[in-house]
Amino acid sequence: MKKILLLICFTLLMLSCKTYQFKDVKTLKITIEDGKFLKGNQPYYFVGANYWYGPLIAAKNIGDRERLIKELDVMDSLGIDNLRILVGAEGGNEDFQVKPALQYEQGKYNEDLLDGLDFLLAEMAKREMYAVLYLNNNWIWSGGMSAYLEWNGYGEVNNPFTEKYTWPEYFNYTQQFHTCQPCREAFQNHIKFILGRTNQYNGRSYTEDNTVMSWQVANEPRIFTESDREPFKIWLDETVDLLEKLDPNTLISTGAEGKASYLEDIDTYEMLHSNKDIDYLTMHMWPKNWQWYDVNKEKTSTNFSIEKANQYINEHIEVAERLSKPIVISEFGFPRAKESLMKTADISNRNKFYEAVFSRLLDSYKNKGELSGVNFWGFAGFAKTDQKRGKWETGDDFSADPPQEPQGLNSVFATDKSTLELVYKYNKLINNL
Numbered sequence: 058m059k060k061i062l063l064l065i066c067f068t069l070l071m072l073s074c075k076t077y078q079f080k081d082v083k084t085l086k087i088t089i090e091d092g093k094f095l096k097g098n099q100p101y102y103f104v105g106a107n108y109w110y111g112p113l114i115a116a117k118n119i120g121d122r123e124r125l126i127k128e129l130d131v132m133d134s135l136g137i138d139n140l141r142i143l144v145g146a147e148g149g150n151e152d153f154q155v156k157p158a159l160q161y162e163q164g165k166y167n168e169d170l171l172d173g174l175d176f177l178l179a180e181m182a183k184r185e186m187y188a189v190l191y192l193n194n195n196w197i198w199s200g201g202m203s204a205y206l207e208w209n210g211y212g213e214v215n216n217p218f219t220e221k222y223t224w225p226e227y228f229n230y231t232q233q234f235h236t237c238q239p240c241r242e243a244f245q246n247h248i249k250f251i252l253g254r255t256n257q258y259n260g261r262s263y264t265e266d267n268t269v270m271s272w273q274v275a276n277e278p279r280i281f282t283e284s285d286r287e288p289f290k291i292w293l294d295e296t297v298d299l300l301e302k303l304d305p306n307t308l309i310s311t312g313a314e315g316k317a318s319y320l321e322d323i324d325t326y327e328m329l330h331s332n333k334d335i336d337y338l339t340m341h342m343w344p345k346n347w348q349w350y351d352v353n354k355e356k357t358s359t360n361f362s363i364e365k366a367n368q369y370i371n372e373h374i375e376v377a378e379r380l381s382k383p384i385v386i387s388e389f390g391f392p393r394a395k396e397s398l399m400k401t402a403d404i405s406n407r408n409k410f411y412e413a414v415f416s417r418l419l420d421s422y423k424n425k426g427e428l429s430g431v432n433f434w435g436f437a438g439f440a441k442t443d444q445k446r447g448k449w450e451t452g453d454d455f456s457a458d459p460p461q462e463p464q465g466l467n468s469v470f471a472t473d474k475s476t477l478e479l480v481y482k483y484n485k486l487i488n489n490l
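All residue numbers for the sequence shown refer to the numbering used here, where the first residue is 58 and numbers rise by one.
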């Protein structure tokens, strides 16, 4: 009842509630046994969220800690205890890119954003939440691999969000990261720096903090062309090897979309994830981006999206079963009616898709299956977005939608009562409250 009242307070009345009175809790470690997650000695299944911008609003100077605390409390009240988070952006000089960047120049870090990452993890620990921290990005919206290439003499980033370059040109540019030795070394140094950090708020080293459930290699690392297959595998294996060496007690995941990351080849997905040090699998689903969803045929294409999603899920669960590893749907999103950015727009189609995904998790929970978690994209909490302009500009609130996308398109706000009720319902059904 207390959690329901908190939910009503935050999501309906939009009032300020007192911060929880936290005890000095010891977060249980997430481990894996027989292809399933364990929280302590109990099965762990979860409905979590993508919360990539968390360290930014947690920063002492440029952030909004009051908003952060309110959002963490709302998520906690819904049983959301698993957040997928971007460690930090790189560069920050391109249009449609996260600003400010954590690593603004190669090897140089914004201390305020490091402080924000510490603060976020410390606050999550108070609520016994878990972080999946991704360390790089295949996509330009946070700099990622393209920033390392520019830093190491590969010329101007082929930014596809400008009129100057196309997506194929961006792909050809970015795949060079997998063969760029100084880029790979710089990324390894970044990994060593982050994993070597000690949280200034609670004194816990990152590698000994159970709040960090998993180090994730990158957001959607991809093989772009046939010639990129071997270089990609070499890079992925060396990164996983380094993570395992630096922190053998924390889980490792890749951040892959599934076969969509590997030229639509499920066998390549299985081969890459057979690496013994990759502890669990991931997949993503984007009905709008993958042309499952048609804004002009919303009802029928929502049903088609669910059909395609189930096919995609089935194919990847089969791989998880063969490898005896858990699998998480760590990204999926769905727009409001007519792709509206208005918070008042109808979300019944979104809810229908969400419930279809959540029900697959519930089935897996009941049958002790490998599908162990879902992270919807994404929780935007109390973000104020410009519902006419759409795109993010410096000084705007961060929402779940990255800077290059219309703000609010896939965001779940604190006012989206019916969606949040679904999250609460399924976390309760899978015993994660």
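Glycine included, each C-beta is placed from N, C-alpha and C at the ideal position.
{"Asked": "Cβ of P278 versus every heavy atom of the ligand SAH: is any distance shorter than 6 Å?", "Found": "No copy of the ligand SAH appears in this structure; indeed no ligand is present at all."}
{"Asked": "Touching or not, the region 141-153 and the region 83-96, by the rule of three or more beta carbon pairs under 8 Å?", "Found": "no"}
{"Asked": "In whole angstroms, give me the CA-to-CA distance for K183 and W347.", "Found": "38 Å"}
{"Asked": "Tell me the rounded alpha-carbon separation between P459 and N467.", "Found": "10 Å"}
{"Asked": "Would D285 and Q232 be called neighbours here (beta carbons separated by less than 7 Å)?", "Found": "yes"}
{"Asked": "Using 7 Å as the threshold, is the C-beta distance between P278 and T236 below it?", "Found": "no"}
{"Asked": "Quick check: the Cα distance between F497 and G210, rounded to an integer number of angstroms?", "Found": "Outside the displayed range of the chain (58 to 490) lies residue 497, so it cannot be described from this structure."}
{"Asked": "Unbroken beta strand (DSSP E) runs of length 3 or more, entirely within the region 420-480: which are they?", "Found": "428-433, 436-438"}
{"Asked": "In three-state DSSP terms, what is P157?", "Found": "coil"}
{"Asked": "DSSP has R141 in a bridge; who is on the other side?", "Found": "N107, V189"}
{"Asked": "Could you compute how far the alpha carbon of S387 sits from the alpha carbon of N107?", "Found": "8 Å"}
{"Asked": "So is R407 buried or exposed if we call it buried at 16+ other beta carbons inside 10 Å?", "Found": "buried"}
{"Asked": "Taking its Cβ as the centre, do 16 or more other Cβ atoms sit within 10 Å of R393, making it buried, or is it exposed?", "Found": "buried"}
{"Asked": "Would you call the region 167-178 in contact with the region 478-488, where contact means no fewer than 3 C-beta pairs closer than 8 Å?", "Found": "no"}
{"Asked": "Considering only the beta carbon of each residue, do V274 and G315 sit closer than 7 Å?", "Found": "no"}
{"Asked": "Are the region 469-478 and the region 429-443 touching, with three or more C-beta to C-beta distances below 8 Å?", "Found": "yes"}
{"Asked": "Is it buried or exposed for Q160, if we count other Cβ within 10 angstroms and need 16 for buried?", "Found": "buried"}
{"Asked": "Between which residues of its own chain and K445 is the CB-CB distance below 6 Å, once the five residues before and five after are set aside?", "Found": "none"}
{"Asked": "Can the beta-carbon of S362 be found closer than 7 Å to that of Y337?", "Found": "no"}
{"Asked": "Would you call the region 131-140 and the region 191-206 in contact, with 3 or more CB pairs under 8 Å?", "Found": "no"}
{"Asked": "Could you check whether L418 and I374 sit closer than 7 Å to each other, using their CB atoms as the reference points?", "Found": "no"}
{"Asked": "Along the chain, where does the beta strand (DSSP E) containing T325 start, and where does it finish?", "Found": "Run containing T325: none in the beta strand (DSSP E); it sits in the alpha helix (DSSP H), 323-330."}
{"Asked": "Residue ranges of each alpha helix (DSSP H) run of no fewer than 4 residues wholly in the region 204-250, ordered along the chain?", "Found": "224-231"}
{"Asked": "Give the secondary structure of E168 by DSSP, where H, G and I count as helix, E and B as strand, and everything else as coil.", "Found": "helix"}
{"Asked": "Does the distance from the C-beta atom of F389 to that of Y110 stay below 7 Å?", "Found": "no"}
{"Asked": "Looking at the structure shown, is F391 part of a helix, part of a strand, or coil, going by DSSP?", "Found": "coil"}
{"Asked": "Taking the runs of the beta strand (DSSP E) that are 3 residues or longer, which of them lie wholly in the region 251-327?", "Found": "269-273, 308-310"}
{"Asked": "Here's the rule: buried if 16 or more other CB atoms are within 10 angstroms of the residue's CB, otherwise exposed. What is Q464?", "Found": "buried"}
{"Asked": "I need the boundaries of the alpha helix (DSSP H) containing I370, first residue and last residue.", "Found": "355-380"}
{"Asked": "Round the Cβ separation of F244 and N195 to the nearest angstrom and send it over; I've been treating them as touching at under 8 Å.", "Found": "About 12 Å; that fails the 8 Å criterion."}
{"Asked": "Just list the residues that DSSP pairs N194 with in beta bridges.", "Found": "N276"}
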